[in-house]
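K.L.:
Supplied in structure tokens, the structure appears directly below.
In full-length UniProt numbering, the protein residues as written are 1 to 100.
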């Protein structure tokens with residue numbers, strides 16, 4: 001399994017972020033080819049300080065499927081949409097998931 005993780009720092013307008021993210025961006029992300037599952041949270045907590053406002057996780061079978069999804073028309077649309085709501089930017093990570 002390969003995971004895509006997106007961390008969102010605090011936006012200038014949290015309510016606008018929430019509305020756009022849930023009503024526009026997540027439906028776009030749900031269309032990524034090869035996507036196995038996804039989840040998100042707008043209630044991110046930290047033991048030291050509130051560094052992030054939101055987190056998104058997506059599961060793909062492997063790195064190649066993720067790369068294909070991101071370079072597809074749907075993936076390009078998802079990536080192009082980020083500046084429409086993420087005024088704090090976005091940190092995008094991907095990694096293989098290891099099992100014990």
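Ideal Cβ placement from N, Cα and C applies to all residues, glycine included.
Only counting runs of 3 or more residues, tell me where the beta strand (DSSP E) segments fall wholly within the UniProt domain "EthD" (11 to 87), in order along the chain.
P.N.:
Counting whole runs of 3 or more residues, the UniProt domain "EthD" (11 to 87) contains the beta strand (DSSP E) stretches 37 to 41 and 52 to 60.
K.L.:
Spatial neighbours of residue 16 within its chain, please: CB distance less than 8 Å, with the 5 preceding and 5 following residues excluded, ordered by chain position.
P.N.:
Closer than 8 Å at the Cβ level, and outside the excluded window around residue 16, lie 85.
K.L.:
Since residue 92 sits in a beta bridge, which residues does DSSP pair it with?
P.N.:
BP columns for residue 92 point to 6.
K.L.:
Throw me the rounded Cβ distance for the residue 2 and residue 61 pair, which I believe falls under 8 Å.
P.N.:
The pair is a contact, with the Cβ atoms about 7 Å apart (cut-off 8 Å).
K.L.:
Among 50, 89 and 93, which one has its Cα closest to the Cα of residue 70?
P.N.:
Per the Cα distances, 93.
K.L.:
Under 7 Å, do residue 66 and residue 54 count as touching if we go by C-beta distance?
P.N.:
No; because the gap between Cβ atoms is not below 7 Å, this pair is not in contact.
K.L.:
Counting C-beta neighbours from all protein chains within 10 Å, is the total for residue 32 16 or more, i.e. buried, or is it exposed?
P.N.:
Counting Cβ neighbours within 10 Å, residue 32 comes out buried, since at least 16 surround it.
K.L.:
Relative to the C-alpha of residue 6, which candidate in 99, 100, 98 and 78 has its C-alpha closest?
P.N.:
Per the Cα distances, 78.
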